[in-house]
Structure formats: structure tokens, C-alpha cells
Amino acid sequence: MIGESIEKTKADSTPEKVSLELDNLLITAQVFIFFAAGFETSSLATSFTLHQLAFHPQIQKKVQKEIDNVLSKYDGKLCYDAIKEMKYLDCAFREGMRMFPSLGFLVRECAWKYTFPEINLRIDEGVIVIIPLQAMHNDPQYFENLNHFSPERFLPENVNSKTKYVYLPLGDGPRACIGEQSLAGLPVILSPYSVEPAPDTLRYPVVNPTSNIVQSIKDELLLLL
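In our numbering, the protein residues as written are 87 to 311.
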């Protein structure tokens with residue numbers, strides 16, 4: 087359904103009217119996508135961010151202070167405007183997705199023939215392209231101190247153009263994932279609670295090599311509230 091809407095967009099980005107007949111198969115497919123693309127990926131991004139905050143209590147306190155300060159301006163209510171003001175929380179969430187993106191790779195189809203001039207490589211229309219997110223997000227060519235959880239690297243003054251199309255946990259463009267909204271779940275936990283690592287929780291989790299497009303971790307991310 088979203089794909090149809092995107093394809094019908096005019097050249098000036100204004101939408102065209104889409105005529106689409108809904109049958110049981112299409113409705114079932116949409117429900118499946120809501121669960122497959124919206125549940126596990128969001129929970130992974132939230133869980134890993136909490137995991138990193140548990141091992142970095144000073145950063146966690148800074149995040150909690152921001153959450154409390156912002157919520158006090160909105161009578162303790164978590165709303166869209168409040169979340170948009172939580173800039174440091176957003177940076178922490180982005181850094182969590184940098185270290186462990188929910189999707190290990192993206193799959194895209196080339197829309198038209200293109201040649202990379204730097205290496206004289208041509209990709210023809212219809213060719214499937216795999217973008218290895220986990221590898222790119224942990225490449226020292228683009229990110230320093232890879233294993234260090236540093237939300238500050240995503241502050242506006244520290245973001246550089248070199249990583250614009252390297253950091254892609256949610257994709258990019260009109261087909262980008264709306265999963266960034268899962269950020270809203272973090273204040274619900276971090277406002278009334280603090281998180282600590284459980285005794286057996288690994289500080290540096292290992293990606294399960296048998297994961298498919300949605301990544302998983304070999305061992306559980308157990309935390310204490």
C-alpha cells in the first residue's frame with residue numbers, strides 16, 4: 087500500500103490519487119508487515135539502547151535529567167512535542183542503532199542504470215543491491231572508537247557529510263522506515279526507573295551469525311530495573 091502511494095507521487099513530490107482494491111490477501115499481508123517490520127525491529131533498537139545506558143550510568147543520568155526537565159514543561163505528559171525536545175535522548179538512540187542496527191542489511195532494487203565514476207562500476211536496472219549496515223556502521227573509516235557508546239557523535243555540530251549515506255539504520259528517502267518513533271518508548275522506562283546490567287549480561291554482545299535481515303544477539307540482554 088505504501089509502495090503504491092510512493093510510486094504514484096508526482097515529480098514535484100505532490101501525491102496522486104491511488105486506486106487500490108483491498109482483498110483478504112492484501113489485508114493479511116499488511117497485518118503481517120505491521121508485526122514483522124514494526125515489532126521486533128523496534129524492540130531490538132530500544133533494548134540495545136537500554137543495554138548501553140545500563141553500562142554507562144553517567145550517560146543514563148544525563149538522559150534521565152533531560153527527560154525529567156522536558157516532561158516538567160508538559161505537566162508530566164509524554165507527547166509528540168515533548169519527545170522532539172529530547173535531543174540528547176535522540177542522540178543516545180541513534181548511537182544505539184549505530185552500534186547494533188535492527189536490520190543487518192538493506193535490500194534494494196536498482197531503479198535505473200548507474201555507473202560509479204570513481205571505480206567504473208555499472209549497476210543495471212533491476213539488479214538487487216545489498217547494503218551491509220552492520221559492517222558500515224562499524225567501519226573505522228567512518229566512525230572513530232567503534233566500541234565506545236558516544237551519543238555526542240550525533241549532536242548537530244559533530245555530524246558530518248561523510249557518514250550521511252553510511253549511517254542508515256532506518257534506510258533513507260521516501261521508503262525510509264518510520265521506526266524512529268519507537269524512541270517514544272524510552273522515556274516511559276527511563277523516567278520512573280533506572281536500568282542496570284544483570285550479573286550475566288555481556289558488555290559487548292555478539293551478533294548471532296544465523297540472523298536473517300532482522301538481527302539477533304547470541305545471548306539475552308538481561309537488565310535490572
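Backbone N, C-alpha and C fix where the C-beta goes; we use that ideal spot for every residue, glycine too.
What span of residues does the alpha helix (DSSP H) with residue i cover, start to end?
i, result
"residue 141", "126-141"
"residue 169", "166-171"
"residue 275", "271-276"
For my contact list, residue i and residue j are in at a C-beta cut-off of 8 angstroms; report their separation, rounded to the angstrom.
i, j, result
"residue 300", "residue 189", "6 angstroms"
"residue 137", "residue 184", "Wrong, their Cβ atoms sit about 14 angstroms apart, outside the cutoff."
"residue 281", "residue 146", "7 angstroms"
"residue 177", "residue 237", "4 angstroms"
Nearest to residue i by alpha carbon, out of the options?
i, options, result
"residue 308", "296, 297, 294 and 289", "289"
"residue 284", "269, 221 and 306", "306"
"residue 151", "277, 230 and 304", "277"
"residue 286", "108, 103 and 141", "141"
"residue 235", "159, 175, 310 and 269", "175"
"residue 310", "162, 109, 143 and 243", "143"
With which residues is residue i paired in a DSSP beta bridge?
i, result
"residue 283", "309"
"residue 208", "201"
"residue 192", "217"
"residue 303", "293"
Beta-carbon within less than 8 angstroms of residue i's beta-carbon, same chain only, minus the 5 sequence neighbours each way: which residues are those?
i, result
"residue 191", "216, 217, 218, 219, 220 and 299"
If I measure Cβ to Cβ from residue i and keep anything under 7 angstroms in the same chain, skipping five residues before and after, which residues do I get?
i, result
"residue 132", "268, 271 and 272"
Within a Cβ cutoff of 6 angstroms, which residues of the same chain sit near residue i, ignoring the five residues on either side of it in sequence?
i, result
"residue 199", "210 and 211"
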